[in-house]
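Structure first, then comments.
Residue numbers (our numbering): 1047 to 1133.
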């Protein structure tokens, strides 16, 4: 398993605060997009590059049918927070 460090913190409290902030940021995103991203990353880790690209291409095309795309676009245009349905 590989991992990376994107930030370092001087204290546990600072680290926890940043982690909760990141969690809040992720929670505001489309649940379908978050689940799809995790699925694509896990698939890509275990398959050849060409297969992974094909998988992501098909996944992305399927997501064009989701209401989340329209909701996210409308929210960005109106400068409001998007409201996504739970899945």
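Cβ atoms here follow ideal geometry from the backbone N, Cα and C, with glycine treated the same way.
Item, Value
"DSSP state of residue 1117 mapped onto helix, strand, coil", "helix"
"The region 1056–1066 / the region 1078–1090 touching (three or more Cβ pairs under 8 Å)", "no"
"Nearest-angstrom Cα separation, counted from residue 1071 out to residue 1114", "16 Å"
"Short Cβ contact (8 Å threshold) for residue 1120 with residue 1127", "no"
"Own chain partners of residue 1105 with C-beta closer than 8 Å, once the 5 adjacent residues on each side are dropped", "1082, 1085, 1086"
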